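Numbering (the numbering used here), first residue to last: 3 to 634.
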């Protein structure tokens, strides 16, 4: 390989330099991980070549035995990792190696906490594993040639991990990528055959193609013996092996390989299905949420293999969108090797596999919920809001998903979501036939909602919902286990058997008594409200706003408006508490102007209590000051 005289020097991005400095000096506590990352990248390059070669066998260049080669030189203090995979063009080298975490560097940096353990798991999420090489090396040289390109079109990338890197055109007869690490002083331990072999066995034994090293010769005649290669790893696709032969550590390392996540998985499920369909799946639940979890357009899905041949990285057809956090592999014997994303969308076998894999994930989650409350709480903290998308997207499994949902409730009045619908039902009052909930902008607004007053008085539990997705969730989850879910802020309050006949008669009498007051208030607030009525849901507040039974909830309305969506106009109902001193004072007020001021202030305060905003804050202040001056 001869390097041309002309070399292009390019600078790293500002954020990339900052990130690289962090990675080299503080982020990695386990230095040997560099070899796992580079081997994993080499394995991915081999998978990509296999896929491309399905339609163009010439890319193999008469060398179809894919492998990774590790070598070292004690005298030069170097470690070399080579593969005969897909390789890179000059543009791909600049794109992939010149820009660290190109899609999310700023996001990555903003997520760093300074805690080495917590920060290390972020690295895999941002695709920056290659740069772990600079933990042990003060200079990294990458020589690569794209499969199918000429020897003269190879590229060399070189950097010392500082402000810039060099890119040159070189001669390279064989396709693939070679990475040469010039080890730092003090890192000589890695230029050792035994040390490298032990790291490969520890982290990369599951890699499905051979990782080879030159066999070390011993004895007096060692110098006269011809070099001989040996395969260091098992070199069998892990998911094809019987479960009884795979250790937990092997499962964990395989997860890190396919996900590029540094943290261990929360749980996994490995299954072989035979019969009408023949496929193997290995599904993982991560222990941490990726930074782009809530971006529904982010590429996601399982690694798809057909008859052990890699087909695509993110096959989204096998799981619904609300399970986009699941990582894993599916290997089918029933699909064509030339399968594409378009074909997957039309294949009836995919629908069957999708249904089965979805149920397998739900069963896995159900087992965690029943057997390990702490682990399930950890899962819910990371992925609960995504699971709440499920009932709207997966009608067939709506009840199963609902049984996995957790909520904050008035049972313990904390913002911790740790109560299931089954827990709620087990505590329902005698005669109660509905599951009650309140939706608000945040937990404190929900907890202190005036709509809860009668429920607290009667000891009836209410779900406290404040996640952005909650209103949407409840619009699709209208019942559970035969119990209707009822928003306490919508429609007229009907507690059914929870109100005695005596209470119902008393309510009718009070409504009749305040009939004239209701008409008077409606005349003043005719532009603001749809209706005025006497309420029995309040015990402390003078008034509250209620959404119509079939109208859009306030949280959903605010969310759509913030997204620039047009929302149908509707006016709320105001309900007044006839026992409150302010309402009784208003009832006796003869001055119509003062009554109007009271009415508007009452409406605005009810809106604020719901977490809403005022149409005219200055006018509200003016009225309040006027009333306060009159009192003074």
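The beta carbon of each residue, even a glycine, is placed where N, CA and C say it ideally should be.
A quick note: this is a predicted structure, and the numbers were derived from the prediction, not measured.
Rounded to whole angstroms, residue 423 and residue 273 show a C-alpha spacing of 30 angstroms.
Put simply, the segment 370-386 does not touch the segment 250-264. Fewer than three CB pairs are less than 8 angstroms apart.
If you draw a straight line from the Cα of residue 177 to the Cα of residue 71, it comes to about 13 angstroms. In terms of CA proximity to residue 549, 574 leads the group 318, 574, 537 and 341. When secondary structure is reduced to three states using DSSP, residue 471 falls in the coil class, being assigned neither helix nor strand.
For residue 523, the closest alpha carbon among the candidates 293, 589 and 539 is that of 589.
Residue pairing for residue 184: DSSP places it in a beta bridge opposite 80 and 141. Looking only at 132, 238, 277 and 193, the smallest Cα-Cα distance to residue 69 is reached by 238. For residue 44, the uninterrupted alpha helix (DSSP H) run begins and ends at 35-55, by DSSP.
Secondary structure of residue 174 (DSSP, three-state): coil. Excluding sequence positions up to five before and after residue 452, its CB lies within less than 7 angstroms of the CB of 540, 543, 546 and 611, all in the same chain and listed in chain order.
Spatial neighbours of residue 326 in its own chain (CB-CB distance under 6 angstroms, excluding positions within 5 residues in sequence) are listed in chain order as 302. The beta-bridge partner set that DSSP reports for residue 332 consists of 283 and 306. Pairing residue 367 with residue 321 gives a Cβ-Cβ distance that is not under 7 angstroms.
When the beta-carbon positions are compared, residue 193 and residue 79 come within less than 7 angstroms of each other. About 10 angstroms separates the Cβ atoms of residue 232 and residue 195, ruling out a contact at the 8 angstroms cut-off. For residue 439, the enclosing beta strand (DSSP E) covers residues 436-441. In the DSSP assignment, residue 352 falls within the unbroken alpha helix (DSSP H) covering 350-373. Burial state of residue 480 is exposed, judged by a 10 Å Cβ sphere holding fewer than 16 other Cβ atoms. Under the 10 Å beta carbon count, residue 447 is surrounded by 16 or more other beta carbons and is classified as buried.
For residue 196, the enclosing alpha helix (DSSP H) covers residues 195-205. The count of Cβ pairs closer than 8 angstroms, one atom from the segment 386-403 and one from the segment 490-504, stays below three, leaving the stretches out of contact. Taken atom to atom, the span from the alpha-carbon of residue 11 to that of residue 214 is near 34 angstroms. At a cut-off of 3 residues, the continuous stretches assigned as beta strand (DSSP E) that sit fully inside the segment 517-602 are 533-536, 545-548 and 575-578. From the listed residues 496, 298, 81 and 333, the smallest Cα separation to residue 551 is found for 496.
In the DSSP assignment, the residues bridged to residue 167 are 12 and 161. Residue 411 is bridged by DSSP to 465.
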